[in-house]
Amino acid sequence: MKHGLRFIIWSLIFSIPFLLGQLSILFNPFSVLPDWSIYVLMIILGFSIIVSVGDFKWGVFVNFSGTLIAMILYFWIGWFILKFMGSYNFVEALNLSLSTGVINMIFLYIFCLFGNLIALIFMGITGM
Amino acid sequence: MISLFTLKKLALFIAVSIVIFVNLAISVARFTGYSSFMGDFTLNVYVTSMSKSASSTTVMIKLAGKSGIEAKNAYFSQAALMMKIGNKSLGVQQFQTNGIVGEFDGKTFVATSDFTFTGDRMMAIDEFPGKPLDYRVFLTTHFITGDHNTRGTMFFEGQIKKVEE
Numbered sequence: 481m482k483h484g485l486r487f488i489i490w491s492l493i494f495s496i497p498f499l500l501g502q503l504s505i506l507f508n509p510f511s512v513l514p515d516w517s518i519y520v521l522m523i524i525l526g527f528s529i530i531v532s533v534g535d536f537k538w539g540v541f542v543n544f545s546g547t548l549i550a551m552i553l554y555f556w557i558g559w560f561i562l563k564f565m566g567s568y569n570f571v572e573a574l575n576l577s578l579s580t581g582v583i584n585m586i587f588l589y590i591f592c593l594f595g596n597l598i599a600l601i602f603m604g605i606t607g608m
Numbered sequence: 003m004i005s006l007f008t009l010k011k012l013a014l015f016i017a018v019s020i021v022i023f024v025n026l027a028i029s030v031a032r033f034t035g036y037s038s039f040m041g042d043f044t045l046n047v048y049v050t051s052m053s054k055s056a057s058s059t060t061v062m063i064k065l066a067g068k069s070g071i072e073a074k075n076a077y078f079s080q081a082a083l084m085m086k087i088g089n090k091s092l093g094v095q096q097f098q099t100n101g102i103v104g105e106f107d108g109k110t111f112v113a114t115s116d117f118t119f120t121g122d123r124m125m126a127i128d129e130f131p132g133k134p135l136d137y138r139v140f141l142t143t144h145f146i147t148g149d150h151n152t153r154g155t156m157f158f159e160g161q162i163k164k165v166e167e
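Line by line, the protein sequences are chains A and B.
For the first sequence, this note's numbering assigns the number 481 to the initial residue and increments by one for each residue that follows.
For the second sequence, this note's numbering assigns the number 3 to the initial residue and increments by one for each residue that follows.
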């Protein structure tokens, strides 16, 4: 029971930067950092979640469920933008359509998994 | 097995989150700037002078735009003008451009060009200003944020009823 609660809290914590990452893809043309930077950030994020949680197995599952939570939040934010903005924003809202959201999520999740694997190697070397 | 909130271990996670958040916040601010620039821009079209000769009529047209926000990072590359008198079309006219059309100082936009009409179109334009001139303007905008040049098209339509300075 206690483990379950911790799992949910960690997933919620993880879903926040992941959601922001998904939104960064949406606002990509106006980004300060170059286009590919979000993928590097996602690798670092996947690495850091394992280090933060302190256990590879837990970290991977927290990563996965956090991703799903972020996806649901992303869908509702997309709905909100579609409903309350008009004209040019409609183009942005089209980007927010579910299939694009899912594809972006899978992309980002794969990069997080790379980060997870790097963390596994890192933990093996340092013996954390 | 799973430690919650050991700050030292969280440091990297928090740092990455902050980087993602700051980047997103700046992107959203730039996007807001862009959409309010596109939304608040107004354009007036004037016929400043008309000179007639036996074989052609030359019309001087002035575009006067006003930006809602100060946009030093924006410029215009093309202006296409579709004109009509009654149901007679005067075709699509392009403003002269060398990549940038008119002058834009971030707040006001001015572009002038003369268009010469001959033949049937001369017959049509000669009815002006007795008959109003319907116009449609397509203005190609460029909004620069960082390395990115966001291109868009603004559309305006209206009617000109008289020759004015």
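Cβ atoms here follow ideal geometry from the backbone N, Cα and C, with glycine treated the same way.
- When secondary structure is reduced to three states using DSSP, L513/A falls in the coil class, being assigned neither helix nor strand.
- For the 8 angstroms CB-CB criterion, G581/A and Y554/A form a contact.
- Under the three-state reduction of DSSP, I102/B is assigned to coil, being neither helix nor strand.
- Each of V139/B, F145/B, L135/B was checked against the Cα of Q161/B, and the nearest Cα belongs to L135/B.
- Contact annotation: G35/B and V512/A have beta-carbon atoms that are not nearer than 8 angstroms.
- Of the residues assessed, A17/B falls on the exposed side of the cut-off, its CB having fewer than 16 other CB atoms within 10 angstroms.
- In this structure, the alpha-carbon of Q98/B lies about 46 angstroms from that of L521/A.
- Contacts with chain A at 8 angstroms (Cβ-Cβ) include V21/B.
- The Cβ atoms of L65/B and A82/B do not sit closer than 8 angstroms to each other.
- What I524/A touches in chain B, judged by beta-carbon distance under 8 angstroms, is L14, V18, going in chain order.
- Contacts with chain B at 8 angstroms (Cβ-Cβ) include I529/A.
- Judged by DSSP in its simplified three-state form, N89/B adopts coil rather than helix or strand.
- Ranked by how close their Cα comes to the Cα of G607/A, the residues G546/A, G526/A, D535/A have D535/A in first place.
- Under the Cβ distance rule, F510/A counts among the residues neighbouring chain B, one pair being separated by less than 8 angstroms.
- Within the stretch 585 to 604 of chain A, not one residue has a Cβ closer than 7 angstroms to any Cβ of chain B.
- Secondary structure of F487/A (DSSP, three-state): helix.
- Between the alpha carbons of K90/B and A126/B lies a gap of roughly 7 angstroms.
- Spanning the alpha carbons of I523/A and I590/A requires a straight line of approximately 9 angstroms.
- Near chain A, meaning a CB-to-CB distance below 9 angstroms, the residues of the stretch 138 to 154 of chain B are T147, G148, D149, H150, T152, G154.
- Close partners of F78/B in chain A (Cβ separation under 9 angstroms) are lacking, with about 17 angstroms as the shortest Cβ gap.
- Taking every protein chain shown into account, the CB of V94/B has fewer than 16 other CB atoms within 10 angstroms, so this residue is exposed.
- By the neighbour-count criterion, in which a residue is buried when 16 or more other Cβ atoms sit within 10 angstroms of its Cβ, N100/B is exposed.
- Distances from the CA of K133/B to each of A113/B, F140/B, K164/B, G121/B were compared; the closest alpha carbon is that of K164/B.
- Contact annotation for N75/B against chain A: no contact, minimum CB-CB distance about 12 angstroms [criterion: below 9 angstroms].
- The beta carbon of L492/A does not come within 8 angstroms of any beta carbon belonging to chain B, so the residue lies off that interface.
- Listed along the chain, the chain B residues whose CB falls inside 7 angstroms of the CB of L513/A are N25.
- Within the model, the alpha-carbon separation for T547/A versus R32/B is close to 27 angstroms.
- Where I162/B is concerned, there is no enclosing alpha helix (DSSP H), although the beta strand (DSSP E) around it starts and stops at 150 to 162.
- Of the other Cβ atoms in all chains shown, fewer than 16 fall within 10 Å of the Cβ of W556/A; this residue is therefore exposed.
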